[in-house]
Structures are given as structure tokens and as C-alpha cells.
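Novice: Before I ask anything, here is the structure I am working with.
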Amino acid sequence: MKTRTLILKTEGMSAYGLQTFDIHRRVNHFPTRSAVLGLLGAALGITRDRHRELFELSEQLDIAVQVNQCGEKMVDYHTVQNFRSPQGKIQNGTKPTYREYWCDSAHTFAISGDDKLVKHLAAKVKQPVFSVFQGRKSCPLTRPLFELILEEANPANALKNLGLGGQIFSDIAGVNKVATLQVRDKTTSEPRKYAMRTVHVCASPRGQIEKENNDEST
Numbered sequence: 004m005k006t007r008t009l010i011l012k013t014e015g016m017s018a019y020g021l022q023t024f025d026i027h028r029r030v031n032h033f034p035t036r037s038a039v040l041g042l043l044g045a046a047l048g049i050t051r052d053r054h055r056e057l058f059e060l061s062e063q064l065d066i067a068v069q070v071n072q073c074g075e076k077m078v079d080y081h082t083v084q085n086f087r088s089p090q091g092k093i094q095n096g097t098k099p100t101y102r103e104y105w106c107d108s109a110h111t112f113a114i115s116g117d118d119k120l121v122k123h124l125a126a127k128v129k130q131p132v133f134s135v136f137q138g139r140k141s142c143p144l145t146r147p148l149f150e151l152i153l154e155e156a157n158p159a160n161a162l163k164n165l166g167l168g169g170q171i172f173s174d175i176a177g178v179n180k181v182a183t184l185q186v187r188d189k190t191t192s193e194p195r196k197y198a199m200r201t202v203h204v205c206a207s208p209r210g211q212i213e214k215e216n217n218d219e220s221t
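For the sequence shown, the working numbering begins at 4 and goes up steadily by one.
Here's what the structure looks like:
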């Protein structure tokens, strides 16, 4: 079956964090895979009690994200009640937390899958069932999420070919691969439990040109 890639874009304030039970809720320097699945799940109307559907969706997709503009980091102060401990147990009382955000960030998402699924996802992000946020509810969308659909099976290469600039973090390797990372953000069959995955880091066209210029000057 033909594989295509759905391109989505977000701009504005974002907060894509990793798992943490610390009082400091830090943001990752690129949107996590679980965050992209959560975004798609909201558009599809998948509720928390239907986690199996989210897991099955995850298994059908290859995902890459590009940080077009990181933005400026800010920290907000909160207090939370009945918080979850590192052991996963609910604790009574009140606890202070400090939450990080990226202001004026810009990201592009590439989601590759079979033609029928990609078309279904495109229709849903245009008319989402639930409100879609950029990591947290305090980070609403500031522009239409849908961008276009490309005739490309590799999400990293799809982002590179757009020529927008910015590092690419992908499930699968693309051209101009420069490094790999290990990140615990892969959706599993168990709710609230994530698995490690290898993230392939690819240089953007702009970043590759700068690297080549630096190599020539040394």
C-alpha cells in the first residue's frame, strides 16, 4: 500500500516535556513522540480510557519533528494537589512546581503511514474532536494545524525537502544524519508507560551548508 506523509505546523507557546515527577517540569528541546501521538489522539477524539487505540495508531506511523524556531524559555510557578509520586502513587497535600515553556517556538511535524490512514488523520486535524494544545492546555494553537500531504515515505526526508530549516528528530534515519539519541517517549500498550527508542538526528539544509562551510575553513 502506498505510503504518504502528513505535514503539520505549530507556532507560539509550547511545552513538550519528558516524564518527570520532580518539582521542576522541564521542557524538551524538541517535541516528543508521545506528544505528537497525544495531539493526533485529541484530533481523533480518543479518550484516556481508549489507550489501546492510541497504541495501535502509534504502531502504524513513522514520525519526525523539526524545530524551525526554538524560541525563548520561560518558567511559571504552580501549586498542585494530590500529586503523583515517583513510585506512581497519589500523594495528599499541596506541592509547588515550576513549569517551563518555550515562547515563540515553531515546529513542523511529519507523520508517515499508509495512504488511507494519512488522509483520515488529515481530515481529523482540520476538524478535531477535542481541542488540540501544544503540550499543555495553556499552549493553544495559533494557526491551522494542517499544512499539506507529501508523496514521501520517509518523514525525515519529507521535512528536509520542505527546506524550512532546523534540526530534524526522526523515528527513522534520513539524509544528512548526524547523530542518534535514546529517548523514553514511545507509546506502549500500557497507559502512562513509555519505552525507549532511537531518535535519528538529521541536519537541516541550512545546518548542513553551515557545517560544510566550517569544514572547508578548517
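Every residue, glycine too, gets a C-beta built ideally from N, C-alpha and C.
Tell me whether the beta-carbon of Arg7 lies closer than 8 Å to the beta-carbon of Asp107.
Specialist: No, the pair does not count as a contact, with Cβ atoms beyond the cut-off.
Novice: Taking the DSSP output, what are the residues bridged to Glu14?
Specialist: Ala109, per the DSSP bridge assignment.
Novice: Could you tell me whether the stretch 108 to 116 touches the stretch 53 to 73, where touching means 3 or more Cβ pairs closer than 8 Å?
Specialist: With a cut-off of 8 Å, the stretch 53 to 73 and the stretch 108 to 116 count as touching, because enough Cβ pairs lie within range.
Novice: Can you tell me whether DSSP reads Gly41 as helix, strand or coil?
Specialist: Reduced to three states, the DSSP call for Gly41 is helix.
Novice: Return the Cβ separation of Thr191 and Phe86 in integer angstroms, given the expectation that the two are a contact with Cβ distance under 8 Å.
Specialist: With 8 Å as the limit, Thr191 and Phe86 do not qualify as a contact, their Cβ atoms being about 23 Å apart.
Novice: Sort Ser173, Ile171, Leu167, Asn157 by Cα distance to Lys5 and report the nearest one.
Specialist: Cα-wise, what sits closest to Lys5 is Asn157.
Novice: List, from N- to C-terminal side, the alpha helix (DSSP H) runs of 4 residues or more that fit wholly inside the stretch 141 to 166.
Specialist: Whole alpha helix (DSSP H) segments, 4+ residues: 158 to 165.
Novice: For the candidate residues Lys196, Ala198, Gln185, Glu193, whose alpha-carbon lies nearest to that of Val204?
Specialist: Considering only alpha carbons, the answer is Gln185.
Novice: Could you say which of Leu9, His27, Gly44 lies nearest to Gln137 if we only look at CA atoms?
Specialist: Ranking Leu9, His27, Gly44 by Cα distance to Gln137 puts Gly44 first.
Novice: Please look up how many angstroms separate the CB atoms of Gly74 and Phe133, rounded, as I've assumed it's under 8 Å.
Specialist: Not a contact, Cβ separation roughly 25 Å.
Novice: Have a look at Gly116 and Gln170 and give me their C-alpha separation to the nearest angstrom.
Specialist: Going from the Cα of Gly116 to the Cα of Gln170 covers about 22 Å.
Novice: Compare the C-alpha of Met16 against each of Leu64, Arg102, Ser173, Gln63 and name the closest.
Specialist: Among Leu64, Arg102, Ser173, Gln63, the Cα nearest to that of Met16 belongs to Arg102.
Novice: Taking buried to mean at least 16 other C-beta atoms within 10 Å of its own C-beta, is Val181 buried or exposed?
Specialist: By the 10 Å Cβ count, Val181 comes out exposed.
Novice: Quick check: Leu151 and Ile10, are their CB atoms within less than 8 Å of each other?
Specialist: Taking 8 Å as the Cβ cut-off, Leu151 and Ile10 qualify as a contacting pair.
Novice: Consult DSSP for Asp79 and reduce its assignment to one of helix, strand or coil.
Specialist: Asp79 falls in the strand class under three-state DSSP.
Novice: For a minimum of 3 consecutive residues, which ranges assigned as the beta strand (DSSP E) are wholly contained in the stretch 47 to 74?
Specialist: Entirely contained in the stretch 47 to 74, the beta strand (DSSP E) runs reaching 3 residues are, in chain order, 65 to 72.
Novice: May I ask which residues mark the beginning and end of the beta strand (DSSP E) holding Asp188?
Specialist: Unbroken beta strand (DSSP E) run through Asp188: 180 to 190.
Novice: Could you please give me the residues that DSSP links to Ser3 through a beta bridge?
Specialist: Here the chain covers residues 4 to 221 and nothing more, so residue 3 does not appear.
Novice: For Thr13, count the other beta carbons within 10 Å of its own beta carbon; 16 or more makes it buried, fewer makes it exposed. Which is it?
Specialist: Result: buried.
Novice: Return the chain-ordered list of same chain residues with a C-beta closer than 6 Å to the C-beta of Arg139, the five sequence neighbours on each side being excluded.
Specialist: Around Arg139: Ala18.
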